[in-house]
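K.L.:
Numbering-wise, the sequence shown is residues 181 to 414 according to this note's numbering. Cβ atoms here follow ideal geometry from the backbone N, Cα and C, with glycine treated the same way. The structure is given below, and queries will be raised subsequently.
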Amino acid sequence: MRGAIAAILIAGAALALIPALHLPLFYESFLYLILHWIVLATSWNILSGYSGYFSFGHGAFFGAGMYTTAVLTSRFDVPFLWTIPAAAGVAVLLGLALGAVVFRVRELRGELFALVTLAVTFVVGTIVLNTPIDGGPGLYLSAVPVPAIGPSPSSSLYLLALGAAVVTLVAARWIVGSKLGAGLFAIRDDEDVAEVLGVPTYRYKMTAFAISCGLAGVAGGIHALFVSYVTTSE
């Protein structure tokens, strides 16, 4: 496990040198999108791949992160970097609220869990669209300054996405080799047997869900600044 984590960190350090090459904007934006999808796919896999609870509602937690950053930066002038922990926190709270209900109901497994999470996405989108959070027109972030992490705004966004991807991959690899990972794999294989063997299935599922949602929220917060305009269609 340490070797894999070391490889991720070394690769991340090497990729962090790309802005020094002064590549055209297109290439930095393209690399940003690759890293963005790495974060989203890996964060989804932490719950759905490891535990077997397939979620069709990952977009709701991603969207929660986007709107948290968009609202705080565009309406309250909060510095962008400060909104990223808030974006993760809101996504985690939303996930824990959902998990506290669905993970307690034994019947909500498999296809039913997937459908419930899909429904949550539509519910969250409807709430946002019909409240002062959005109100319909969406939120503009074109005036929000990009943190000067790199030599240009596009390279700064690339480095933010790279940092998020490295953290996500390290977290995912650490879980695989931990007691949490072993418990999640046992749940995926046969949850009833896992419970009989003493695996705290509810706690492990909630932990995995919180990590998954938090990372999706981080991706959403960064992506809000990348697209500069946030609406429910995003």
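For H202, is the classification buried or exposed, using 16 other Cβ atoms within 10 angstroms of its Cβ as the cut-off for buried?
P.N.:
Residue 202 sits at position 22 when you count from the first residue of the sequence shown. Result: exposed.
K.L.:
Let me make sure I understand the geometry here. Which of S209, P265, V410, Y230 has the alpha-carbon closest to that of S322?
P.N.:
Looking up residue 322 in the sequence shown gives position 142. For the residues S209, P265, V410, Y230, the minimum Cα distance to S322 belongs to V410.
K.L.:
So is L405 buried or exposed if we call it buried at 16+ other beta carbons inside 10 Å?
P.N.:
Indexing the sequence shown from 1 puts residue 405 at position 225. Label assigned to L405: buried.
K.L.:
Once the 5 residues before and after T263 are set aside, which same chain residues still bring their CB inside 7 Å of it?
P.N.:
Numbered from 1 along the sequence shown, position 83 holds the residue referred to as residue 263. The answer, listed in chain order, is T248, T249, L252, T253, G401.
K.L.:
Rounding to the nearest angstrom, what Cα-Cα distance links I329 and L197 in this structure?
P.N.:
Locating residue 329 in the sequence shown gives position 149, counting from the first residue. Locating residue 197 in the sequence shown gives position 17, counting from the first residue. About 12 Å.
K.L.:
Where DSSP assigns a beta bridge to Y320, which residues make up the other side?
P.N.:
Numbered from 1 along the sequence shown, position 140 holds the residue referred to as residue 320. In DSSP, Y320 forms a bridge with Y409.
K.L.:
Which parts of the stretch 334–389 are runs of the alpha helix (DSSP H), unbroken and 4 residues or longer, counting only runs that do not cross its ends?
P.N.:
As far as the stretch 334–389 is concerned, its whole alpha helix (DSSP H) runs of at least 4 residues are 359–376.
K.L.:
Taking 8 Å as the cut-off, decide whether the C-beta atoms of V272 and A390 are in contact.
P.N.:
In the sequence shown, the residue the question calls residue 272 occupies position 92. In the sequence shown, the residue the question calls residue 390 occupies position 210. Yes, these two residues count as a Cβ contact at 8 Å.
K.L.:
Using 8 Å as the cut-off, can you tell me whether the stretch 211–227 makes contact with the stretch 340–352, which would need three or more C-beta pairs spanning the two stretches below that distance?
P.N.:
Touching, yes.
K.L.:
Rank G397, E371, P325 by C-alpha distance to the C-alpha of D257 and give the top, closest one.
P.N.:
Counting from 1 along the sequence shown, the entry for residue 257 is found at position 77. D257 has its Cα closest to that of P325, out of G397, E371, P325.
K.L.:
Distance, Cα to Cα, S228 vs L339?
P.N.:
If you number the sequence shown from 1, residue 228 lands on position 48. If you number the sequence shown from 1, residue 339 lands on position 159. Taking the straight line joining both Cα atoms gives about 27 Å.
K.L.:
Taking DSSP as the reference, what is the three-state secondary structure of W287?
P.N.:
Mapped onto the sequence shown, residue 287 falls at position 107. Inspection of the sequence shows that residue 287 is occupied by Glu rather than by Trp. Coil at E287, not helix or strand.
K.L.:
What are the boundary residues of the alpha helix (DSSP H) that S332 is part of?
P.N.:
Counting from one through the sequence shown, the residue named residue 332 turns up at place 152. Neither: S332 is in no alpha helix (DSSP H) and is coded neither H nor E.
K.L.:
So, at 8 Å on beta carbons, what are the nonlocal neighbours of A374 in its own chain, with the 5 sequence-adjacent residues on each side left out?
P.N.:
Residue mapping note: residue 374 aligns to position 194 of the sequence shown, counting from 1. Result list for A374: G363, A366, I367, T381, in chain order.
K.L.:
So is P204 buried or exposed if we call it buried at 16+ other beta carbons inside 10 Å?
P.N.:
Residue 204 sits at position 24 when you count from the first residue of the sequence shown. The residue is exposed, with fewer than 16 neighbouring Cβ atoms inside 10 Å.
K.L.:
Beta-carbon within less than 6 Å of G232's beta-carbon, same chain only, minus the 5 sequence neighbours each way: which residues are those?
P.N.:
Against the sequence shown, residue 232 aligns to sequence position 52. Cβ neighbours of G232 beyond the five flanking positions: R368.
K.L.:
Among residues of its own chain, excluding the 5 on either side of G192, which ones have a beta-carbon nearer than 7 Å to its beta-carbon?
P.N.:
Numbered from 1 along the sequence shown, position 12 holds the residue referred to as residue 192. Same-chain partners within the cutoff: L342, V346.
K.L.:
For F283, count the other beta carbons within 10 Å of its own beta carbon; 16 or more makes it buried, fewer makes it exposed. Which is it?
P.N.:
Sequence index remark: in the sequence shown, residue 283 carries index 103 (1-based). When all chains shown are included, F283 counts as buried.
K.L.:
Under the three-state reduction of DSSP, which class applies to L197: helix, strand or coil?
P.N.:
For the purposes of this step, residue 197 is taken as residue 17 along the sequence shown, with counting starting at 1. Coil at L197, not helix or strand.
K.L.:
Going by C-alpha distance, which of I214, F206, H238 is nearest A388?
P.N.:
Taking the sequence shown and counting its residues from 1, one reaches residue 388 at position 208. Of the listed residues, the one whose Cα sits closest to A388 is H238.
K.L.:
Could you tell me if E287 is buried or exposed, where buried requires 16 or more neighbouring beta carbons within 10 angstroms of its beta carbon?
P.N.:
On the sequence shown, position 107 is the one that residue 287 refers to. Flag for E287 reads exposed.
K.L.:
Under DSSP, the alpha helix (DSSP H) around G245 begins and ends at which residues?
P.N.:
Counting from one through the sequence shown, the residue named residue 245 turns up at place 65. 238–256 is the span of the alpha helix (DSSP H), which, as asked, contains G245.
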